[in-house]
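Visitor: Under my numbering, the first residue of the sequence shown is numbered 2, with each subsequent residue one higher.
A virtual CB, placed ideally from N, CA and C, is assigned to each residue, including glycine.
For clarity, every value in this text was computed on a predicted model and none was experimentally measured.
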Amino acid sequence: MHLFSVVSAAVAFSALADAYTWKNVKTGGGGGFTPGIVFNTGTKGVAYARTDIGGLYKLNSDDSWTPLTDFANSSTWNNWGIDAVATDALKPQTVYAAVGMYTNSWDPSNGAIIRSNDAGTTWSKTQLPFKVGGNMPGRGMGERLAIDPKLSSTLYFGARSGHGLWKSTDSGVTWSNVTKFPNVGNYVADATDSTGYNSDNQGIAWVTFDSNSSTTAGATSTIFVGVADTANSVYVSKDAGSSWSRLAGQPTGFLPHKGKLSPKEHALYISYSDGSGPYDGTNGSVWRYDITASTWKDISPGVDPYYGYGGLAVDLQKPGTIMVATLNSWYPDAIIWRSNNSGASWTPIWEYTSYPNENFYYGMSNTNAPWIPTVHDINTKTIGWMIESLEIDPFDSNHWLYGTGLSVYGGHDLLNWDTKHNVSISVLANGIEETSVQALIAPPGQSLVSAMGDIGGFVHSSLTAPPAAELPLFTTSTSVDYAGQVPKTLVRTGSASDGSAIQIALSNDAGATWNLDYGASTSQYGGNAVLNAGGDTVLWSTSANGVLVSQYTSSFSAVSGLPSGAAVASDKVNSTVFYGGSAGSFYVSRDTGKTFTSFGKLGSSSAVNKIVVNPTVAGDVWASTDTGLFHSTNYGGSFSKIAGPTVGYAFALGKSSSNTYKYNIFGFFTVNGVEALFESKDVGSTWTEISDSAHGFGSASSNPVTASLDTEGLVFVGTNGRGVFYGTP
């Protein structure tokens, strides 16, 4: 047994944030689901896009987007889940959003309505007495939040989980339940789901005002509400919400995803699907409700559909021109239809000539995100998938946008559809960075490398230009590491658990090319893999197969002495040494990972969150835990507890110009009760917060961190929904 000791030292900290400048590492393509896009109908050029885990964005005149909710920090991380957005036609600077991530136990906090009177520069917030589900099933239905077009101090919000319809009469400051609304919804995707994710009542789907109707006490009289109920999907009020009734003659059997008013036609268009989305949909329909005649007409474009319908657009400049998208046509591609006669006939964006041959009525440009065609599982899906947002600019019939599960697309020649039956589509997600970042490394002398959910990750040869290709082999990469003495040698792991393919790969050229590690079996996946200093041995803490080791790509075998699920790291100088941490205890292997010895508890810690090793000094190792930060200079033989941090998550060592302290520490810690991103330039004697009120980075516990060993002060932060940030002092 080795001697273990803990030594505490005095610490100082700065409550004031250092003046760091933060920018996104650019991918240019979004990288996630955009369930809603909303144009302002009163002022040209005002539009917003909501994402499910990455916050809210505002459209700029050059087709780029500006993020508006980067204030979300570790206590308000759920504010990146945007379940609805509304923009005021009478006051174009005013915008509202319903924020909250989950309605089950995964999100401990209730949701809120946030409001801004300066186009999202600053926000006020009203907490709701229930949860909001920006990343729940049915998040593409909407919009659940709507502003009265004649009395914009009045808003309605359709809640989930059986909480019903809510109303504000003071511009979103206070809210009350509309108790007379008769249906809180009853649809659940899977009643047997014990997590509550798929078994929650999806509630109210959308609210749409009839701007042609008269007023009642200044408010719009006629209001339509879509409900997640396959038998009773649309309700109407004709007295500004005082009373409600089921709209007569409505179709049944499907869920109403979008309800769009065509004012000059006095018509309401509704897209329906047999699932709530965004992944399902095997049947559906599109209906037109003539408000004046109170009649319904099925205008569905597809014959014998194997999909539902989601995204729905109405051209306010050209009455009778509408568009609708499939939800979901997973193969060969999504279909978008367009009609110029109120749905009497339709033309598709592509169609079969004779199966499997297709005619394509569009050209696609990926200039803003050239990596998109290389996405691992894109296959034939060029138009996209999960299309719930589809909009035509109310002031420009040529301008259109649609969101997918990957990006935002659109163009500026939509009227060519009607003349040439061919349009130009581009990736128009510049500024939207919605990736879920799993791991980051910045090997000395090499480019930043990311491991990401859904899109694999990238070698970021530029921080300001999009990558040319995503990392191959894995849809989701869970970890990435480099060999300390041969930093171009990398290892990366994938998450697929279905046994279909090996989930670990190696690169010898800094990530330019990758080869599967055939020492692994297809049953081994996920977790975190690290390379020894010489690059010949992989230690892999898998998701379900314990901790494994392989040398020279031999078959992976179980290590001895290190618990399953342990945090792992390698000494960056000594090729025979690996480190591990589990349940608050620290472990060391001196035989290239074959056996591990426990060196005892790190103080009173019960969890080891991250182990980081000095890149140039053997045996110099750091560990963050649920009680703080610990440092050893003798291969873990003894540790000093760094005073100041009381909880530690991901952290990194970066270059320092100090003659005394060779490396700066960057990481997410709790210092003096503040959970934030901190920097120490003196090996933990003093700490300064480098996150700020405008850059909170969401949940601290899930964010990977790395720092440059070549450029002092350059630090990288990965987020769960806002991509990678880089900061410089």
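State whether the segment 299-307 contacts the segment 216-227, with contact taken as three or more CB pairs (one from each stretch) at a distance under 8 Å.
Guide: These segments do not touch.
Visitor: Tell me, please, whether the segment 207-217 touches the segment 143-159 by the rule of three or more beta-carbon pairs shorter than 8 Å.
Guide: Touching, yes.
Visitor: Would you grab the beta carbon distance between Gln607 and Asp621 for me? Rounded to a whole angstrom, and I think it's under 8 Å.
Guide: At residue 607 the sequence reads Ser, which differs from the Gln that was named. Rounded, the Cβ-Cβ distance is 25 Å, inconsistent with contact.
Visitor: Candidates Arg247, Thr327 and Tyr290: which alpha carbon is nearest Gly282's?
Guide: Comparing Cα positions, the closest option is Thr327.
Visitor: Looking at C-beta atoms only, is the number of pairs between the segment 594-614 and the segment 423-431 that lie closer than 8 Å three or more?
Guide: Counting Cβ pairs under 8 Å, fewer than three are found: no touch.
Visitor: Which two residues bound the contiguous beta strand (DSSP E) that contains Asn529?
Guide: Per DSSP, Asn529 belongs to the beta strand (DSSP E) from Asn529 to Leu532.
Visitor: Measure the Cβ-Cβ separation of Trp418 and Arg339 and say whether it is below 7 Å.
Guide: Taking 7 Å as the Cβ cut-off, Trp418 and Arg339 qualify as a contacting pair.
Visitor: Roughly how far, in whole angstroms, is the beta-carbon of Thr523 from the beta-carbon of Ala502, given that I think they are within contact range, below 8 Å?
Guide: Contact flag correct, Cβ pair sits at about 6 Å.
Visitor: Decide if Lys259 is buried, meaning its Cβ has at least 16 other Cβ atoms within 10 Å, or exposed.
Guide: The residue is buried, with at least 16 neighbouring Cβ atoms inside 10 Å.
Visitor: What does the Cβ neighbour count give for Pro730, buried or exposed, with the cut at 16 atoms within 10 Å?
Guide: Exposed: under 16 other Cβ atoms inside 10 Å.
Visitor: State yes or no: is the beta carbon of Ala584 nearer than 7 Å to at least one beta carbon in chain C?
Guide: Note that chain C does not occur in the displayed structure, where there is just one protein chain.
Visitor: Can you check whether the CB of Leu441 is closer than 7 Å to the CB of Ser451?
Guide: Going by C-beta atoms, Ser451 is nearer than 7 Å to Leu441.
Visitor: Is it the case that the segment 367-376 contacts the segment 404-422, given that we only count it when at least three CB pairs across the two stretches are under 8 Å?
Guide: The segment 404-422, when compared against the segment 367-376, does touch it at the 8 Å Cβ threshold.
Visitor: To the nearest angstrom, how far is it from the Cα of Pro445 to the Cα of Met387?
Guide: If I take the Cα positions, the gap works out to 40 Å.
Visitor: Taking the C-alpha atoms as reference points, what is the distance between Tyr308 and Ala98?
Guide: Answer to the nearest angstrom: the Cα atoms are 29 Å apart.
Visitor: Pop quiz: Asp499 and Thr476 are said to be a contact at Cβ under 8 Å. What is the actual Cβ separation, rounded to whole angstroms?
Guide: Contact flag wrong, Cβ pair sits at about 11 Å.
Visitor: How about Thr554 and Gln525: do their beta carbons lie closer than 7 Å?
Guide: No, the Cβ-Cβ distance between Thr554 and Gln525 is not below 7 Å.
Visitor: What is the DSSP secondary structure of Ser110, counted as helix, strand or coil?
Guide: Coil, per DSSP.
Visitor: Could you tell me which of Phe396, Asn635, Gln94 and Val725 sits nearest to Val614, measuring between CA atoms?
Guide: Answer by Cα proximity: Asn635.
Visitor: Check for me: the beta strand (DSSP E) holding Asn417 runs from which residue to which?
Guide: Taken as a continuous stretch (DSSP letters only), Asn417 belongs to no beta strand (DSSP E), being part of the alpha helix (DSSP H) at Asn417 to Thr420.
Visitor: Could you tell me the boundaries of the beta strand (DSSP E) in which Arg289 lies?
Guide: Segment Gly285 to Asp291, the beta strand (DSSP E) holding Arg289.
Visitor: In three-state DSSP terms, what is Trp81?
Guide: Helix at Trp81.
Visitor: Hey, how far is the Cα of Thr122 from the Cα of Lys92?
Guide: So the two alpha carbons sit approximately 15 Å from each other.
Visitor: Is Ser766 helix, strand or coil by DSSP?
Guide: Examination of residue 766 is not possible in this model, given that the chain is present from 2 through 730 alone.
Visitor: For Gly364, count the other beta carbons within 10 Å of its own beta carbon; 16 or more makes it buried, fewer makes it exposed. Which is it?
Guide: So Gly364 counts as exposed.
Visitor: Using only alpha-carbon positions, find the residue among Ser700, Ala335 and Leu402 that is nearest to Ala48.
Guide: The candidate whose alpha carbon is nearest that of Ala48 is Leu402.
Visitor: Using the Cα positions of Thr95 and Asn41, report the straight-line distance between them to the nearest angstrom.
Guide: Taking the straight line from one Cα to the other gives about 10 Å.
Visitor: Within this structure, are the beta carbons of Ser125 and Ser154 separated by less than 7 Å?
Guide: Taking 7 Å as the Cβ cut-off, Ser125 and Ser154 do not qualify as a contacting pair.
Visitor: Taking C-alpha atoms, which residue in Glu389, Asp572 and Gly604 lies nearest to Val589?
Guide: The shortest Cα separation from Val589 among Glu389, Asp572 and Gly604 belongs to Asp572.
Visitor: Taking the alpha-carbon of Val185 as reference, which of Asn233, Ser195, Gly101 and Gly197 has the nearest alpha-carbon?
Guide: The shortest Cα separation from Val185 among Asn233, Ser195, Gly101 and Gly197 belongs to Asn233.
Visitor: Using only the alpha-carbon positions, how far apart do Gly31 and Lys168 sit?
Guide: Their backbone Cα atoms lie some 33 Å apart in a straight line.
Visitor: Less than 7 Å between the beta carbons of Ala470 and Gly536, yes or no?
Guide: Cβ atoms of Ala470 and Gly536: not closer than 7 Å.
Visitor: Taking only the alpha-carbon atoms, compute the straight-line gap between Gly585 and Ser274 and give it to the nearest angstrom.
Guide: Roughly 49 Å separates the two Cα atoms.
Visitor: From the DSSP secondary-structure annotation, give me the bridge partner or partners of Trp297.
Guide: Paired residues: Tyr290.
Visitor: Please return the same chain residues whose Cβ sits closer than 7 Å to the Cβ of Ser709, not counting the five positions on each side in sequence.
Guide: Around Ser709: Ala443, Gly655, Lys656 and Leu715.
Visitor: From this set, Arg493, Ala497 and Pro488, which residue's C-alpha is nearest Asp510's C-alpha?
Guide: Cα-wise, what sits closest to Asp510 is Pro488.
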